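Number of protein chains: 2
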Amino acid sequence: MLGRMSRGTIREVLPRRDIIHEGVDPGAVRLILEGWACRYKSLPDGRRQTLAFFIPGDLCDPHVYLLRKMDHSIGAITHLKYAEIGRAQMDAMTERYPRISQAIHWNELVSASIQREWILNMGQRNAHEHLAHLMVELFHRLRAVGLTSGATCPFPLTQNDLADATGLTCVHVNRVMLDLRHDGLVEIDHRELRIPDLARLEKAALFNPAYLHLDHEGAELDERSMLPANLSTS
Amino acid sequence: MLGRMSRGTIREVLPRRDIIHEGVDPGAVRLILEGWACRYKSLPDGRRQTLAFFIPGDLCDPHVYLLRKMDHSIGAITHLKYAEIGRAQMDAMTERYPRISQAIHWNELVSASIQREWILNMGQRNAHEHLAHLMVELFHRLRAVGLTSGATCPFPLTQNDLADATGLTCVHVNRVMLDLRHDGLVEIDHRELRIPDLARLEKAALFNPAYLHLDHEGAELDERSMLPANLSTS
DNA sequence: CGGGTAATTGACCCGGGTCAACAGCAGTGG
DNA sequence: CCACTGCTGTTGACCCGGGTCAATTACCCG
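In order, the protein sequences belong to chains A and B.
Mapping to this note's numbering: the first sequence position 142 is 142, numbers consecutive.
With the second sequence counted from 1, adding 1000 to any position gets you this note's numbering.
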């Protein structure tokens, strides 16, 4: 439904362009349809930290109602297609279909849980564990929206992106990724990631899937059902 | 209102005891009335990371509705007094007073924003900036609920707590705190923190208050109004 | 006074950062 | 078709912020 109602306001942006910048009123909720984006913050001297990755089916900042000033920015990683759903439109929709509002809230809670895991990543996991964890997480999330095929999934992130997300240097990311590849934990080729043995990578990452809350009640309302593929058949 | 309706289920716990543990159903929302607590996660090998500090007026995990399994634990730091508000009670309340539900949602969003700033802290700020930032943040939050007096606020955190929260070692926390004290940025004595020159500390921390969203609309419904002091007068 | 927690200190080490160069490759314009 | 440009990945040499280990010194409280 989200998709259908917003059919009039599909937007596209080029890779590496910002969608919204810190400080402005988001004005609308954005539903990623195709491509990857990220949430990030930076310090006045240029240091930059990625806070989250968005994949198709994700909502950027569904809190338009309450926070009128972005406390971070959102940028496209790949070529990106997203639906922009204005505040009024959103109100009308959630009033008509209360379960949508619940689904959105659920989405926010899972995002917050992922953010917490990221804090654990940065504070306690070392570079190898951290990068392995990030790849496992993305693989699970992509699989949940049907974007994996077998042990393979799209992986448009550069080593620089990985550095921004982990707080490491891209030089060190490079070394660690070489290690992980030499250990046969991952294979990356042409922006595709293959995980030959997921269980082994998860072990190396100290991965515990609980925080993704993939087992929730009301799964029919989650990100999956917001994807165009599902929407077009309804 | 939150306070009054929950008058029947005030609980107290000793310092350093857990309130809820990862994996269990929270069953209720908890409103901190007195003392400090923290949210934390740990890895199987014992590494531990604090994800957030709770001060009076904060809600722990207001998402009882949707997530039935804690993905982290909550522990008391000091002697703690909190109100436990059951799911049914909560439903009744939010149905009667929709603005409470909004206030809770707002609270969640601010918590998420703080979590994001913590990711920035861990990824980009160095030890000095990080610790300075943490103290500035806590000072602002305490002031927002009327728990500061002048340049002073309660500060029950041990250097070990600071280490858990920043991902540093307590040895290094010790050294950095000595530096900050020698630089006249903070004074700590008898579990009290004094900030002689807030602006200077903020500068050292690269602090930007925007993420705390202290300027929101509907301030009358925020944490402040949930404190017993205010409730008793209504 | 005794036991436990919290703070402090010193010597030494290592994960990851810095700097600088270079290689591979895609896109672009001539 | 090729030279040029720019981004991404890779590598080496060296450095430093923060970690590790192990004492020692306040405190605090019964």
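Yeah, the Cβ is synthetic: ideal placement off N, Cα and C, and Gly gets one too.
All figures in this text were calculated on a predicted structure; none of them were measured in a lab.
Bounds of the alpha helix (DSSP H) holding arginine 1175/B are 1170 to 1182. Between the C-alpha atoms of glutamine 124/A and arginine 1125/B there is a straight-line separation of about 16 Å. Residue Thr158/A holds the alpha-carbon nearest to the alpha-carbon of cysteine 38/A among His105/A, Met90/A, Cys153/A and Thr158/A.
Distance from the CA of tyrosine 1040/B to the CA of threonine 94/A, rounded to the nearest whole angstrom, comes to 34 Å.
Within the same chain, His128 come within 7 Å of aspartate 179/A by CB-CB distance, once the 5 residues on both sides are set aside. A direct Cα-to-Cα measurement between leucine 1134/B and aspartate 1215/B gives close to 20 Å. Not a single CB atom of chain A sits nearer than 8 Å to the CB of tryptophan 1036/B.
Under the three-state reduction of DSSP output, isoleucine 1077/B falls in the coil class, being neither helix nor strand. Bounds of the alpha helix (DSSP H) holding lysine 203/A are 198 to 205. Distance from the CA atom of leucine 142/A to the CA atom of threonine 78/A, rounded to whole angstroms, is 15 Å.
Counting only runs of at least 4 residues, the segment 88 to 140 of chain A fully encloses the following alpha helix (DSSP H) elements, listed from N- to C-terminal order: 98 to 124. Under DSSP, proline 1154/B shares a beta bridge with Glu1192/B.
Glutamine 115/A and histidine 1140/B have their alpha carbons spaced roughly 22 Å apart.
When secondary structure is reduced to three states using DSSP, threonine 1050/B falls in the strand class. With contacts defined as CB atoms closer than 8 Å, histidine 63/A and leucine 1109/B qualify as a contacting pair.
Per the C-alpha coordinates, the member of Leu80/A, Ile104/A, Asn121/A and Pro154/A positioned closest to leucine 1066/B is Ile104/A. Residues of chain A with a Cβ closer than 8 Å to the Cβ of histidine 1213/B are, in chain order, Leu67, Lys69 and Asp71.
When CB distances to chain A are screened at a threshold of 9 Å, not a single residue of the segment 1079 to 1095 of chain B falls below it.
Of the residues assessed, cysteine 153/A falls on the buried side of the cut-off, its CB having 16 or more other CB atoms within 10 angstroms.
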